[in-house]
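Have a look at the structure below, then the notes.
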Amino acid sequence: MDETASNPKTTLTPAAFHILLVLAGGENHGYAIMREVAEHTQGKMRLGPGTLYGTIKRMLADGWIEELDERPDPQLDDERRRYYRLTGVGRKLVQAEAERLEQLVDIARGKKLLRNPRSA
Amino acid sequence: MNNSPLANSLSVSVRIYRVLLVAYPEKFREHYETQMVQVFRDSFREAYHCNGVPGAIDLWLHTFADLLVTALMERIMERSQYMFSPRVVLWGGVASVFSGMLWMMSASGGAAGVLALVLGLGGLAALYSRQAGQGGKLGLAGFALGIIGTVLVLAVLWWGSTIFSGPTYAIIHLRIERQPVLAGRAVLMGSLGLVTLGIGLALLGLASLRSKTLHRWRGLPLGLGLLNTIQGITIVLLAYEPLSQGRNFFDPWPPQGYALIATEFVLLGLGWIGLGTMLATEAEAQVAQPPPASA
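Taken in sequence, the protein lines are chains A and B.
All you need for the working numbering is the position in the first sequence, starting with 1, plus 32.
All you need for the working numbering is the position in the second sequence, starting with 1, plus 102.
Structure (structure tokens):
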């Protein structure tokens, strides 16, 4: 399973990366994932229900995320909601992708393409 | 639910959205319909609450575009699951064997060539299916070109049969002699179809080589593709040239030309039989799966 995260052929779509990024912060349900992705991207990425659940379906099949058997707090929430969380493979994958993006940002910084240099 | 504008438009919108979800495959709906409706309901409530009717319209436009694209994707993925199955490889392989036999018989003319082409589509599908999605864009392009080439040849054969067909070879010759330029065009288009089919097969062969999805005779599809291409070019050289100059290519028919064409038909036949045998016998063999990618 670990091969998936380290395999160079494993590519994440932007939607998959953003969903994994949200779930890296803890288990969540579809609508909350959608809202958080919109917040992370200042509304630039809006996941429609089809993109959201199509991506969730493939990530479940690939073992990157898993569905929770029980809702975190049944008292407070609609029972029809399904909650998802990262698996170990999913966490490694999102970590690897974040590191890859960090490397790219470093290259861009080296070429003085970023206006606001990161404070060390 | 009360009768406020939000409640009314929410209720209508959710009902319409639920109907539109039939665009997705049934299995997908079984798993996600309730969640998708729930997400749409929440999104609609929020959009209406924040931006009123313009917000609801904006949400609808976005959701509709999302639905069109993702429903199409899910349908394609569902179909490709059926496409990459041992059953397709097995029966496509069998069709390919019969196609090869008919190719050999078609050297003497008749309807065998038409059947050989139609059954050859099964061989193409089997070869593409055997790649189990690992042939990538090269495999898909080869499969598409193979189908386009076959359909083009079949269309030309059908068109030619409506103009030049006859009960005897003498009548066919006479009809061709009367309209050599038209016959030349038919030959050119048919040859173009054969070359396209050949290129498609060659690309499928290259994709199979690259993905190592065939266990035996790995170079056979590529060789068969090149042979199809050579056959198309041979027909242009032997038949199109004289026809374009107003001469019937049957008269006088060069014996070495006949021998060449007949040899090519036999080789093509053997190639399709070999391809079909290989595919049918290793239909159940495992293809090494790469790690899942691109969710």
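By construction, the Cβ of each residue, glycine as well, lies at the ideal position given by its N, Cα and C atoms.
- Not a single C-beta of chain B is nearer than 7 angstroms to the C-beta of proline 46 of chain A.
- Where leucine 118 of chain A is concerned, the enclosing beta strand (DSSP E) starts and stops at 115-118.
- Within chain B, the residues whose beta carbon sits less than 7 angstroms from that of tyrosine 85 of chain A are Tyr134, Gln137 and Met138, listed in sequence order.
- Distance between glycine 194 of chain B and isoleucine 249 of chain B, taken at the CA atoms: about 14 angstroms.
- Residue state for glutamate 99 of chain A is assigned as strand, using DSSP reduced to three classes.
- In the pairwise beta carbon analysis, the region 104-118 of chain B is classified as not touching the region 58-65 of chain A: fewer than three pairs are separated by under 8 angstroms.
- Apart from the 5 residues on each side of it in sequence, serine 346 of chain B sits with its Cβ closer than 6 angstroms to the Cβ of Gly286 in its chain, given in chain order.
- Beyond the five residues adjoining it in sequence on each side, alanine 214 of chain B comes within less than 7 angstroms, by CB distance, of Leu204, Met207 and Ser208 in the same chain, given in chain order.
- By the 16-neighbour rule on beta-carbons within 10 angstroms, serine 267 of chain B is exposed.
- For valine 141 of chain B, a Cβ of chain A is located within less than 7 angstroms of the residue's own Cβ.
- For leucine 322 of chain B, the uninterrupted alpha helix (DSSP H) segment begins and ends at 322-337.
- In the displayed model, histidine 61 of chain A falls within a strand according to three-state DSSP.
- Around leucine 372 of chain B, the same chain offers Gly202 and Met206 as residues with beta carbons nearer than 8 angstroms, after the five sequence neighbours per side are excluded.
- Residue state for tryptophan 205 of chain B is assigned as helix, using DSSP reduced to three classes.
- For histidine 164 of chain B, the nearest beta carbon of chain A is closer than 7 angstroms to its own beta carbon.
- Where serine 310 of chain B is concerned, the enclosing alpha helix (DSSP H) starts and stops at 282-313.
- Only Gly62, Tyr63 and Met66 from the region 55-69 of chain A bring a Cβ to less than 7 angstroms from some Cβ of chain B.
- For lysine 76 of chain A, the three-state secondary structure derived from DSSP is coil.
- The C-alpha of glycine 120 of chain A lies about 12 angstroms from the C-alpha of alanine 128 of chain A.
- Look at phenylalanine 200 of chain B here: in three-state DSSP terms it is helix.
- No Cβ of chain B is located within less than 7 angstroms of the beta carbon of glycine 122 of chain A.
- A Cβ-Cβ contact shorter than 7 angstroms links arginine 117 of chain A with leucine 55 of chain A.
- Between arginine 112 of chain A and threonine 136 of chain B, the alpha-carbon positions lie close to 7 angstroms from each other.
- Contact note: arginine 78 of chain A reaches chain B through His164, using a C-beta cutoff of 7 angstroms and chain order.
- Judged by DSSP in its simplified three-state form, alanine 56 of chain A adopts coil rather than helix or strand.
- In this structure, the straight-line span from the alpha carbon of glutamate 98 of chain A to that of glycine 142 of chain A is close to 39 angstroms.
- In this structure, the CA atom of aspartate 138 of chain A is about 21 angstroms from the CA atom of histidine 50 of chain A.
- The region 336-345 of chain B makes contact with the region 283-297 of chain B: 3 or more CB pairs, one atom from each, lie closer than 8 angstroms.
- Residue environment: tyrosine 360 of chain B is assigned as exposed (fewer than 16 neighbouring CB atoms within 10 Å of its CB, all protein chains considered).
- With a threshold of 7 angstroms between beta carbons, aspartate 144 of chain B makes contact with chain A.
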